[in-house]
């Protein structure tokens, strides 16, 4: 039995005519008839009832058609998979990644992706979420990994990957003899370090402080979370910071859990709505789904040498 015999039989059954099936298959009608006769001889039964006007299925033909269609569908699926894989292997992945990625270890995820698809070109652009979304709009990158704020514009599609939480960071040892910091209101009289005014973190700090009945005095602006931590460590103020950034390797800070804690946006993969994802991007999305489980990073353990947790 040959695959072409199944294809010829399915075409005749669908068209109800040898002639129309041959036209659709772009082959001579006698060749179609000959192959189906061979198929019937091999099966030992008639699949088609032939009349001068039309061809119809016998009972055996109806049973066999379902099987033949399933085989042909599987073959089409295999061809599509191979075509997709070929497109993936020829592709390039351009990512924008913010400094805060929660428990998602992006370098580890990229390394695993590279091992699986070693010929794919990889490029990563780092920055804050607003700048990376502009790069996404301009077509300079394919997707962004970063916080998914509640006011994300509808022109984007976000797939949440991992959670994140906020903590308060203060200079190391500055409050070693002071009462534990429980709420944001406990530091209402301190100077604050934050990202620029247009950032999501700035808006969250303002909103969380208002809920505690005060307006934070933001004395210093840092370009990124690492800069915030460095400013705080140097004694320039206190700051609201993502837990992963506070506990990573870096300048020492004291970390305080807040109750209630402002809600941190989840970390997700952001793409442009209506823009067809490339096969390479779809492969990356699938890979991320496998990598989305939180990992216990070695850096967290090392970071605790430089950060004490209170509250």
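Residue numbers (our numbering): 10 to 320. Ideal placement from N, C-alpha and C gives every residue a C-beta, glycine not left out.
Fill in: Of the listed residues 102, 297, 50, 217, nearest to residue 149 (C-alpha basis)
102
Worksheet item: Run through DSSP, which three-state label would residue 173 get?
Response: coil
Worksheet entry | DSSP beta-bridge partners of residue 218 | Answer by DSSP bridge pairing: none, since residue 218 is not bridged.
Worksheet item: If we ignore side chains and look at the alpha-carbon of each, how far apart do residue 145 and residue 206 end up?
Response: 22 Å
Worksheet entry | Paired residues, beta bridge with residue 197 - DSSP | DSSP, once it has assigned bridges, lists no residue as partnering residue 197.
Worksheet item: Within this structure, are the beta carbons of residue 116 and residue 235 separated by less than 8 Å?
Response: no
Worksheet item: In the region 88-162, which residue ranges form an unbroken alpha helix (DSSP H) of at least 4 residues, counting only runs that do not cross its ends?
Response: 115-125, 138-146
Worksheet item: If you count every other CB in all the chains shown that lies within 10 Å of the CB of residue 54, and 16 or more means buried, which is it?
Response: exposed
Worksheet item: Based on Cα-Cα distance, which residue from 256, 260, 267, 286 lies nearest to residue 111?
Response: 256
Worksheet entry | Reduced DSSP secondary structure (H/G/I, E/B, other) of residue 265 | strand
Worksheet entry | Minimum C-alpha distance to residue 43 - residue among 21, 63, 60 | 21
Worksheet entry | residue 86 burial status per 10 Å Cβ neighbour count (16 or more: buried) | exposed
Worksheet entry | Three-state secondary structure assigned by DSSP to residue 22 | helix
Item to complete: Report the three-state DSSP secondary structure of residue 12 (helix, strand or coil).
Response: helix
Worksheet item: Rounded to a whole number of angstroms, what is the C-alpha to C-alpha distance between residue 178 and residue 170?
Response: 25 Å
Worksheet entry | Minimum C-alpha distance to residue 242 - residue among 202, 281, 196 | 202
Item to complete: Could you name the residues that DSSP lists as bridge partners for residue 178?
Response: 248, 264
Worksheet entry | Sequence-distant residues of its chain with Cβ nearer than 6 Å to residue 135 (five each side left out) | 106
Discussion item. I need the DSSP call for residue 282, collapsed to helix, strand or coil.
Written reply: coil
Item to complete: State the CB to CB distance for the pair residue 252 and residue 173, rounded to an integer number of angstroms; the pair is presumed to be in contact (CB under 8 Å).
Response: 7 Å
Worksheet entry | Residues near residue 2 in its chain [Cβ-Cβ closer than 7 Å; skip 5 each side] | Outside the shown range of the chain (10 to 320) lies residue 2, about which nothing can therefore be said.
Worksheet item: Which of helix, strand or coil does DSSP assign to residue 277?
Response: strand
Discussion item. Quick check: what's the CA-CA separation for residue 210 versus residue 129?
Written reply: 34 Å
Worksheet item: Does DSSP put residue 297 in a helix, in a strand, or in coil?
Response: helix
Worksheet item: Quick one: what does DSSP say residue 238 is sitting in, helix, strand or coil?
Response: helix
Discussion item. Relative to the C-alpha of residue 273, which candidate in 216, 84, 298, 131 has its C-alpha closest?
Written reply: 216
Practice prompt. Could you say which of 17, 88, 37 lies nearest to residue 57 if we only look at CA atoms?
Written response: 17
Discussion item. Run through the DSSP bridge pairs and tell me what residue 74 is partnered with.
Written reply: Residue 74 is not bridged to any residue.
Worksheet entry | C-beta contact flag for residue 249 and residue 226 at 8 Å | no
Fill in: Same chain only: Cβ atoms within 6 Å of residue 277, ignoring 5 sequence neighbours per side
157, 167, 168, 169, 170
Worksheet item: Leaving out the 5 sequence neighbours to the left and right, which residues in its chain are closer than 8 Å to residue 312 when beta-carbon positions are compared?
Response: In this prediction, residue 312 has a pLDDT of 39, which is less than 50 and means its spatial position is unreliable; nothing more can be read from the coordinates.
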